[in-house]
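Residue numbering for the sequence shown follows the numbering used here, starting at 204 and increasing by one per position.
Here a beta-carbon is modelled for each residue, glycine too, at the ideal position from N, C-alpha and C.
One structure below.
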Amino acid sequence: MTSNMINVTDIACFVYCKRKLYLKRVLGLKPKPTKQMITGRIKHQAQELMFKNELQTLKKLKIPDPDKIRDVLKKNLEHAIEKTIAASEKEIKHFQIDTSLIKKEFFLAYEKFIQNRAMVVINLMQRKNLFGKALINALYPRFMTEVSLSSKSLPLKGKIDLIEEHKNEIVPIEIKTGPAPKNKIWPQDRIQLTAYALLVKENFEKPVSYAKIIYQENHEIKLYLNPFMQYEIKSYISKVKDLLASKNPPPRINSKKCSYCSFKEHCEAI
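Spelled out as structure tokens, the structure:
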């Protein structure tokens, strides 16, 4: 069944631009790297590294000092973004990317998180006298990054940015580096988040009542699940399969989003 699986990102791409999906999946064309793509990738990789190292960092704390805890969390964040930027040095130079802006945006995105996380840690240390492994075992929410999931009920698979685990529930989270639209959530992002929420709901024992998407400047939007979402995703899976089996690409549609599309040159050449 794996070969017949549709990726969540393919469904989102279908909603965004059917022609782009055809060029990518049927013709096998590769996107031309853009400044926006590189910046987004750096932030995503830094986020993954930050959460990966967070628990080990907190595990070493011996004293319930609020300033020390906040400083440790901040340094973990700084280490993550600095290391990720260093690994992308050539691309940053090629696209003349302002790394100071990337750092600023990354710090702003997680400033509130660090404050809240520090308060939870301090509370566990001071009130319950928990340190080391005991502290980590009692710490919620917990975070899992870049989690690959698949469905048994639908031919669907995907890798979600972030899963936030609470004591009694699971919250799927998508991180977007661009701004939120005026009507709250982009159509392709809503479908993507819906599909990921269904995958998480099927793969975890804890309930999933809503999912979150976080846009630029920490603009957070909740998407509550309903019984009709599975039918909607099932319908899109069918449409995507039809497109992938088609012999002709969808017609070109000129819109504002075409100007910064990573497939622009390929699209115009066909």
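Alpha helix (DSSP H) segment containing residue i, residue limits
i, result
"S260", "Contrary to the premise, residue 260 reads as Thr rather than Ser in this sequence. Run containing T260: 238-262, per the alpha helix (DSSP H) assignment."
"L428", "First-last for L428: undefined, no H or E at that position."
"K362", "Run containing K362: none in the alpha helix (DSSP H); it sits in the beta strand (DSSP E), 359-368."
"T397", "390-406"
"I284", "269-290"
"M322", "302-331"
"F346", "Run containing F346: none in the alpha helix (DSSP H); it sits in the beta strand (DSSP E), 345-353."
"V218", "211-219"
Neighbour-count burial assignment, residue i, 16 or more Cβ in a 10 Å radius
i, result
"D301", "exposed"
"P375", "buried"
"Q395", "buried"
"E377", "buried"
"Y399", "buried"
"S291", "buried"
"D445", "exposed"
"I473", "exposed"
"Q433", "buried"
"K265", "exposed"
"K478", "The structure shown does not extend to residue 478, since the chain is modelled only from 204 through 473, so no value can be given for it."
"S351", "exposed"
"D274", "exposed"
"K246", "buried"
"S354", "buried"
Among the options, nearest to residue i - alpha-carbon criterion
i, options, result
"R455", "K467, D445, L252", "K467"
"P267", "L327, L280, K235", "L327"
"T380", "I305, G335, Q391", "I305"
"D213", "C470, I436, S458", "I436"
"A448", "C220, Y219, L230", "L230"
"I366", "V403, S438, F334", "V403"
"P269", "H297, M322, S303, Y225", "M322"
"N256", "K385, H469, F346, K459", "F346"
"F334", "K278, T260, H297", "T260"
"Q369", "F407, V350, P390, L352", "Note that residue 369 is His in the sequence shown, not Gln. Of the listed residues, the one whose Cα sits closest to H369 is F407."
"E314", "F298, P344, K278, V211", "K278"
Same chain, Cβ closer than 8 Å to residue i, five either side skipped, listed in chain order
i, result
"H422", "P382, A383"
"L426", "I388, R393, L396, T397, A400, Y413, A414, K415, I416"
"F431", "none"
"K336", "K262"
"Y463", "T237, Q239"
Spatial neighbours of residue i in its chain, beta-carbon cut-off 6 Å, leaving aside the 5 residues before and after
i, result
"K372", "It should be noted that the sequence gives Glu, not Lys, for residue 372. Excluding residues within five positions, the ones whose Cβ falls inside 6 Å are K409, P410."
"E294", "I241"
"I417", "I378, E423"
"Q248", "T287"
"A283", "A249, L252, M253"
"N207", "P358"
"Q329", "P267"
"G243", "T380"
Neighbourhood of residue i by C-beta distance below 7 Å, restricted to the same chain and skipping five residues each side
i, result
"M204", "For M204, the predicted structure reports a pLDDT of 44, less than 50, and the residue's modelled location is therefore unreliable. A value from the coordinates is still provided. Here the set comprises P358."
"C461", "K467"
"Y439", "I214, F217, I394"
"R320", "L276"
"F298", "K238, I241"
Beta-carbon spacing of residue i, residue j below 8 Å
i, j, result
"E405", "S356", "yes"
"L258", "I339", "yes"
"I317", "L280", "yes"
"I272", "I209", "no"
"C216", "K233", "no"
"E471", "L311", "no"
"K221", "P453", "yes"
"Y225", "Q391", "no"
"E349", "K360", "no"
Heavy atom of the ligand GTP within 7 Å of residue i beta-carbon
i, result
"N340", "This structure simply doesn't include the ligand GTP, nor any ligand for that matter."
Endpoints, the beta strand (DSSP E) within which residue i is located
i, result
"K415", "413-418"
"V374", "373-378"
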